Amino acid sequence: MRAIVTVMPKQSVLDPQGVAVRDAMHHLGLENTGLVRVGKIMEIDLGASGPEIEGKLHEACRDLLSNPVIEDYRLELEP
Amino acid sequence: MRAIVTVMPKQSVLDPQGVAVRDAMHHLGLENTGLVRVGKIMEIDLGASGPEIEGKLHEACRDLLSNPVIEDYRLELEP
Amino acid sequence: MSADPAITPEAIARHGITPGEYSRIREILGRDPNFTELGIFSVMWSEHCSYKNSKPELRKFPTTGPGVLVKAGEENAGVIDIGDGWAVAFKMESHNHPSAVEPFQGAATGVGGIIRDIFTMGARPVFNLNSLRFGPIHGDGASVKNNRRLFAGVVAGIAHYGNCIGIPTIGGEIYFDESYEGNPLVNVFCLGVLRHEQIARGAAEGVGNPVFYVGAETGRDGLAGAAFASRELTEESKEDRPAVQVGDPFKEKLLLEACLELLATDAVAGIQDMGAAGLTCSTCETASRGGTGVEIDLALVPRREQAMTPYETMLSESQERMLIIVKKGREDVVRRIFEKWDLPYAEVGVVKDDGMMRVNDHGVTVAEIPAAKLADDAPIYHREAAPFVPPAPLDPATVAEIDPGVALPALLRHPSLASKNWVYRQYDHMVRLGSVVRPGSDAAVFLVREAGKFLAATSDCNALYCKLDPREGARIAVAEAARNLACSGAEPIAVTDNLNFGNPHKPENFGQLREAVEGLAEACRFFDTPVTGGNVSLYNESPAGAIDPTPTVGMVGIIREESHITTQYFKGAGDAVYLLGDPGSGLDASHYLKALHGRKEGLPPRLDFATEKRLHDTLRGLIRAGLIRSAHDCSEGGLALALAECCISGEAPWGADIDLGNIAGRADDILFNETQSRAVISVAADRAAAVETALTSAGQSFLRMGTTGGSDFRIRLAGRAWTWPLAGLREAWYGAISRLMEETNTQ
Amino acid sequence: MRAAVLRFPGSNCDQDCHLALDFLGADVHYVWHKEESLDGFDLIVVPGGFSYGDYLRCGAIARFSPVMRAVVRAANEGRLVLGICNGFQILCEARLLPGALVRNRSLHFLCQDVHLRVETAATPFTRACTPGQVLKIPIAHGEGCYFADDATLDEIEANDQVLVRYCAPDGSLTDGANPNGSRRSIAGVCNRERNVFGLMPHPERACEPVLGGTDGRFLLRSLLESLPNPGIHAA
Ligand SMILES: Nc1ncnc2c1ncn2[C@@H]1O[C@H](COP(=O)(O)OP(=O)(O)O)[C@@H](O)[C@H]1O
Ligand SMILES: [Mg+2]
């Protein structure tokens with residue numbers, strides 16, 4: 001089983017990287033670019049599957065792969 | 001239009017971050033975790049649309065949002 | 001063995017091997033090489049590893065002296081005694097081409113490489129310096145934007161690696177000039193400290209001893225990087241992208257700690273880092289130094305990627321790896337320590353008595369080469385050197401005077417002369433609790449606690465002088481480094497250098513190299529500072545031509561007592577300000593001429609060794625007698641710039657009222673000429689008489705110029721006067737690079 | 001009184017902390033991250049550096065080290081825990097302290113002196129200071145921008161948990177004096193029980209005149225004075 005975990009900064013957290021990207025996009029002629037948010041994506045080869053793994057995976061997303069104070073995560077599983 | 005740009009380290013390029021995550025997953029009881037690759041994801045509100053924008057966007061992906069020397073990018077557009 | 005490509009003339013050429021070199025390979029082997037062997041020869045005989053074009057020149061350097069414990073070239077880095085049983089190992093290394101292709105990783109892995117060179121010697125790395133050159137960063141246009149991108153990336157890469165591994169980067173230099181456009185220079189320096197008895201050797205000693213591979217797994221990254229460094233950069237260099245390596249400073253931190261822990265156990269017979277040419281270089285060099293052979297099996301090498309061929313495994317430049325020859329029976333010590341640090345390790349081979357480097361893959365021999373011949377018998381070329389043609393002296397009549405009131409702030413704002421705080425604040429320059437003088441003064445001063453020593457270090461090279469007169473420029477580079485140390489209260493002990501030049505096949509480039517080496521050698525002899533090692537980087541060219549010759553000098557000195565540590569900035573109001581040396585004249589090769597008139601012309605200032613030495617001895621004498629409060633040398637920008645820096649470069653700015661009297665001549669000439677052997681000092685009012693007596697009896701020429709204080713910097717000269725409020729000057733100088741980098745699009 | 005300085009793979013201010021505490025008279029010991037016990041230590045220092053390379057997020061992986069379970073136990077027992085820089089990040093990740101640390105707003109790593117205003121002396125970490133006192137101490141971090149949501153900020157302020165804020169040399173809170181964009185200029189916070197403290201600046205780098213300042217001693221001395229048998233040098 002493979003997991004794709006996407007972690008994005010929460011709306012209320014300042015995202016200076018997103019701002020820098022937006023400004024740079026403006027310079028590249030994409031003047032209408034609005035909000036940009038920069039997050040992380042993790043492709044994880046789980047090497048196993050089953051409901052137990054899934055449970056642990058959610059735990060890992062919450063405790064390790066994201067920090068709920070500043071980030072939200074999304075977990076997708078592929079067979 | 002909204003763009004989702006995913007930037008991943010190239011296959012042959014060392015991804016120390018992925019290795020660190022894999023090792024940490026092992027400690028969290030996900031002992032079978034194999035390859036982990038960590039990339040970036042950018043959600044971009046383009047504020048406009050059209051084929052011209054798309055062309056420029058590919059340019060931005062190549063020159064700004066990713067580093068083609070060590071990374072590959074994937075661009076998805078949402079209306 | 002899987003089907004290797006055939007050894008065709010094209011394959012040979014693609015490996016950068018000439019027909020002459022190929023017949024030599026056949027002679028050594030007594031047969032044709034196979035593909036893996038061809039690859040091995042190509043990296044070992046590249047300029048980067050073999051110095052085949054520069055070796056005869058490098059022999060001109062003084063490398064011996066009473067304090068030299070390990071000579072340049074003997075090992076990865078030279079080792080110099082600093083007293084009480086302590087020693088330092090230091091060296092400079094370039095990563096120019098990798099940084100041109102991928103600035104962040106190129107610079108980062110450069111730092112990683114030089115740090116490995118130092119701890120391979122058994123020394124604990126204690127600080128880093130860096131010397132950087134880029135194309136211009138002010139203005140607009142695609143190339144300027146690219147220069148900014150390279151500059152930002154390189155600085156971030158150095159910061160990433162050095163900060164993470166926890167070695168402070170405490171000094172360096174940066175210049176911007178058209179000649180580096182497309183071919184930036186990234187020279188990094190590391191110094192480590194060790195006890196005399198801790199010196200480790202890179203020799204495969206003891207037949208039957210096991211050979212261990214430790215550190216990161218091998219991947220396909222950086223295939224044949226040494227060969228890449230030994231070519232000109234072209235448009236197609238982008239195709240060389242697989243040559244880019246990614247650094248993992250975290251791994252290296254673990255490797256550093258584990259290796260030092262292991263070296264403290266006496267289980268190690270020899271140790272060698274895997275830098276350029278990776279496994280190839282480390283196996284054949286350790287065998288060659290030990291007068292032994294080394295046999296390894298690639299099947300045992302920890303690997304990151306599947307299905308790597310022997311060719312790829314031998315030529316990979318994956319970072320953060322070492323080869324360790326372990327005393328037989330002590331293998332457990334290695335296991336225990338590397339397991340503690342969670343690092344991969346594997347016993348991959350054994351020391352043999354047959355002088356061969358033998359590489360097996362699952363027991364099948366895939367390469368077999370006499371190690372010493374491979375490591376030491378690369379062809380040596382005596383390239384043609386174009387004779388030096390002195391440049392025409394500058395005709396001052398062709399230089400329109402720019403009012404100094406305008407010229408001084410303009411110079412202070414020029415990125416080559418402006419404060420480099422935008423750079424060094426990105427470097428952790430305080431970790432390890434030794435940074436006594438932080439970046440921003442003539443030399444950095446570092447307290448090595450374990451040894452109880454204050455070391456001073458600086459890196460210098462005025463490439464404009466070197467372009468116009470390579471020999472004089474090189475002599476001045478050494479003199480300026482020694483002068484920076486003297487101003488800081490230090491006595492120089494040794495030098496490392498990085499020779500950055502263009503393609504040596506072009507006689508004018510090779511002529512520059514020869515002139516510069518001879519100039520460096522002469523000056524190092526004069527100042528009694530042996531060369532402990534260094535690096536040669538040739539083929540620094542972009543489509544527009546060769547870079548200005550840049551023989552970077554890194555110099556280290558010792559300060560006897562804490563009270564002798566001296567910085568460049570004024571310390572308070574009411575102090576007397578003196579110029580040591582002569583006001584001088586001549587705007588030839590000056591930064592005033594270059595930065596404000598756009599002209600790289602004229603005959604660089606001349607250096608007189610005796611005058612220079614007197615200045616250094618006088619400065620140290622005054623400092624040791626506790627007579628002065630600040631000392632700053634005059635370099636780029638001349639007297640006016642030095643004075644301005646004394647006013648504004650400290651934490652609290654201090655004004656000054658300077659009266660130069662009635663010196664005859666043009667104001668711009670008097671204020672901005674770069675006459676050598678000069679320094680600006682400040683002296684508490686009640687010490688002025690004692691200082692003047694000391695200067696007179698030392699035969700040191702001097703000029704009392706004025707007094708510190710107030711909130712302006714003022715100069716009077718022959719009836720004219722200029723007044724600059726400190727706040728404006730400081731802002732021009734302090735924020736210049738930050739404004740260029742933050743307020744303009746750097747991508 | 002015994003102090004522990006933890007060592008994670010990638011810690012690089014461990015020796016500096018050891019040196020500074022030793023200099024001030026503490027009985028200091030290193031503790032390896034694989035240890036599971038911190039029995040017998042009155043003070044636990046989580047030093048700066050790049051634990052686990054700071055991959056993923058600063059402090060995110062170190063938090064799962066065996067020794068961190070012992071740190072949590074020690075904290076719950078009321079023993080003193082100090083996190084400096086990466087140590088602060090680890091303590092936030094371990095939820096021993098509120099909030100989180102994110103990228104500096106300039107996106108650059110910053111190494112420089114900053115001024116800190118001491119907000120309260122009513123903690124073991126600041127008792128040698130006076131409220132409003134301004135300290136000059138260096139920072140060195142790329143991700144030191146303190147973040148917590150408004151409710152959390154209001155709560156920690158109401159509980160007097162903010163111990164130091166970035167300020168101008170005269171003690172005023174200005175945007176220009178905030179090096180990294182931290183919310184409400186917060187440089188360091190303690191837990192509700194006031195026995196766990198984390199801050200981004202490095203007090204251990206400001207304990208000797210030869211290094212350009214001694215203001216860091218106010219914080220470290222506070223700590224040692226708060227412990228049994230301090231045995232402090234008259235420094
Ligand atoms: N790349 C760099 N990294 C760290 N410090 C630097 C760098 N470049 C310049 N500096 C510091 O800025 C100060 C001024 O540099 P420079 O003008 O080259 O000095 P000098 O002319 O006295 O040799 C020095 O303290 C130097 O170490
Ligand atoms: Mg100087």
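Protein chains in written order, with the working numbering: chain C, 1 to 79; chain H, 1 to 79; chain E, 1 to 747; chain G, 1 to 235.
We put the beta carbon where it would ideally sit given N, CA and C, even for glycine.
Keep in mind it's a predicted model, so treat the numbers as computed, not measured.
Would you call residue i buried or exposed, if buried means 16 or more other Cβ atoms sit within 10 Å of its Cβ?
{"i": "R74 (chain H)", "result": "exposed"}
{"i": "G275 (chain E)", "result": "buried"}
{"i": "P10 (chain E)", "result": "The sequence shown places Glu at residue 10 (chain E), not Pro. Looking at its Cβ environment, which holds fewer than 16 other Cβ atoms inside 10 Å, E10 (chain E) is exposed."}
{"i": "I670 (chain E)", "result": "buried"}
{"i": "E236 (chain E)", "result": "Summary for E236 (chain E): the model assigns pLDDT 49, below 50, so the residue's position carries little reliability; its value from the coordinates is reported in the next sentence. With fewer than 16 Cβ atoms within 10 Å of its Cβ, E236 (chain E) is classed as exposed."}
{"i": "L251 (chain E)", "result": "It is Lys, not Leu, that sits at residue 251 (chain E) in the sequence shown. By the 10 Å Cβ count, K251 (chain E) comes out buried."}
{"i": "P68 (chain C)", "result": "exposed"}
{"i": "I137 (chain E)", "result": "buried"}
{"i": "V406 (chain E)", "result": "exposed"}
{"i": "L520 (chain E)", "result": "buried"}
Along chain G, which residues have their Cβ under 8 Å away from the Cβ of residue i?
{"i": "L28 (chain H)", "result": "F64"}
Give me the chain H residues within the contact set of residue i, using Cβ-Cβ distance strictly less than 7 Å, ordered along the chain.
{"i": "L35 (chain C)", "result": "D45"}
{"i": "Y52 (chain G)", "result": "A20"}
{"i": "L75 (chain C)", "result": "Here the premise fails: no neighbours, minimum Cβ distance about 13 Å."}
{"i": "E244 (chain E)", "result": "A small fix is needed here, since residue 244 (chain E) is Val in this sequence, not Glu. Those are V69 and I70, listed as they occur along chain H."}
{"i": "D248 (chain E)", "result": "L14 and P16"}
With a cut-off of 8 Å on the beta carbons, I'd call residue i and residue j a contact; round off their distance for me.
{"i": "T36 (chain E)", "j": "Y311 (chain E)", "result": "5 Å"}
{"i": "V21 (chain C)", "j": "V38 (chain C)", "result": "6 Å"}
{"i": "T63 (chain E)", "j": "V536 (chain E)", "result": "At roughly 15 Å, the Cβ-Cβ gap does not stay under 8 Å, so T63 (chain E) and V536 (chain E) are not in contact."}
{"i": "R192 (chain G)", "j": "Y146 (chain G)", "result": "Actually they are not in contact, since the Cβ atoms of R192 (chain G) and Y146 (chain G) sit about 17 Å apart, beyond 8 Å."}
{"i": "T33 (chain C)", "j": "L46 (chain H)", "result": "6 Å"}
{"i": "A204 (chain E)", "j": "V70 (chain E)", "result": "Not confirmed; about 18 Å, so no contact."}
Name the chain G residues that come within less than 9 Å of residue i, Cβ to Cβ?
{"i": "P16 (chain C)", "result": "V102, R103, N104, R105, S106, L107, C145 and G181"}
{"i": "L132 (chain E)", "result": "Near L132 (chain E) there are no residues of chain G at all, since even the closest Cβ is about 17 Å away, more than 9 Å."}
So which residues of chain C does residue i contact, with C-beta pairs closer than 9 Å?
{"i": "G87 (chain G)", "result": "Within 9 Å Cβ-Cβ: nothing; G87 (chain G) doesn't reach chain C, min ~16 Å."}
{"i": "G176 (chain G)", "result": "Within 9 Å Cβ-Cβ: nothing; G176 (chain G) doesn't reach chain C, min ~17 Å."}
Give the interface partners of residue i over in chain H, defined as CB-CB distance under 8 Å, in chain order.
{"i": "K40 (chain C)", "result": "V38, G39, K40 and I41"}
Closer than 9 Å by beta-carbon distance: list the chain H residues that pair up with residue i, in chain order.
{"i": "G219 (chain E)", "result": "S12, V13 and L14"}
Starting from the beta carbon of residue i, find every residue of chain C whose beta carbon is closer than 8 Å, and list them in chain order.
{"i": "L155 (chain H)", "result": "One cannot answer for residue 155 (chain H) here, as it falls past the ends of chain H, which runs 1 to 79."}
{"i": "E155 (chain G)", "result": "Correct list: empty, because the minimum Cβ distance to chain C is about 14 Å."}
Give me the chain G residues within the contact set of residue i, using Cβ-Cβ distance strictly less than 7 Å, ordered along the chain.
{"i": "E562 (chain E)", "result": "V210"}
Whose Cβ in chain E lies nearer than 8 Å to the Cβ of residue i?
{"i": "C13 (chain G)", "result": "G166 and V431"}
{"i": "I4 (chain H)", "result": "Simply none; closest approach about 20 Å."}
{"i": "L19 (chain G)", "result": "L433 and R449"}
Using a cut-off of 7 Å between C-beta atoms, extract the partners of residue i located in chain E.
{"i": "R205 (chain G)", "result": "M430 and L433"}
Discussion item. Contact between the region 295-312 of chain E and the region 361-375 of chain E is defined here as three or more beta-carbon pairs at a separation below 8 Å; is this criterion met?
Written reply: Cβ pair count under 8 Å is three or more, so yes.
Item to complete: Decide if the region 72-92 of chain E is in contact with the region 549-563 of chain E; the criterion is three or more beta carbon pairs, one per stretch, under 8 Å apart.
Response: Taking 8 Å as the limit for Cβ pairs, the verdict is that the region 549-563 of chain E does touch the region 72-92 of chain E.
Fill in: Against chain H: residues of the region 91-115 of chain E by CB proximity under 9 Å
So the close ones are V101, E102, F104 and Q105.
Discussion item. Would you call the region 567-580 of chain E in contact with the region 696-708 of chain E, where contact means no fewer than 3 C-beta pairs closer than 8 Å?
Written reply: The region 567-580 of chain E vs the region 696-708 of chain E: in contact.
Discussion item. Does the structure place the region 664-679 of chain E close enough to the region 600-619 of chain E that three or more beta carbon pairs sit under 8 Å?
Written reply: The region 600-619 of chain E, when compared against the region 664-679 of chain E, does touch it at the 8 Å Cβ threshold.
Worksheet entry | Residues in the region 32-61 of chain G having any Cβ partner in chain H nearer than 7 Å | Within the region 32-61 of chain G, the residues whose Cβ lies closer than 7 Å to some Cβ of chain H are Y52, G53, Y55, L56 and I61, listed in chain order.
Discussion item. Tell me which residues of the region 180-212 of chain E have at least one Cβ-Cβ distance to chain G shorter than 8 Å, keeping chain order.
Written reply: Listed in sequence order: no entries.
Item to complete: Decide if the region 497-505 of chain E is in contact with the region 560-571 of chain E; the criterion is three or more beta carbon pairs, one per stretch, under 8 Å apart.
Response: No, the region 497-505 of chain E is not in contact with the region 560-571 of chain E.
Fill in: Cβ contact (3+ pairs, closer than 8 Å) linking the region 195-211 of chain E and the region 118-133 of chain E
Put simply, the region 195-211 of chain E touches the region 118-133 of chain E. At least three CB pairs are less than 8 Å apart.
Discussion item. Taking 8 Å as the cut-off, does the region 220-229 of chain G touch the region 117-129 of chain G (at least 3 CB pairs, one atom from each stretch)?
Written reply: Output reads yes: the region 220-229 of chain G touches the region 117-129 of chain G.
Discussion item. Three Cβ pairs or more, each shorter than 8 Å: is that satisfied between the region 201-216 of chain G and the region 97-110 of chain G?
Written reply: No, because fewer than three Cβ pairs between the region 201-216 of chain G and the region 97-110 of chain G fall closer than 8 Å, the two stretches do not touch.
Worksheet item: Any contact of the region 127-144 of chain E with the region 398-405 of chain E, i.e. 3+ C-beta pairs under 8 Å?
Response: By the C-beta criterion, the region 127-144 of chain E is judged not to be in contact with the region 398-405 of chain E, since fewer than 3 inter-stretch pairs fall below 8 Å.
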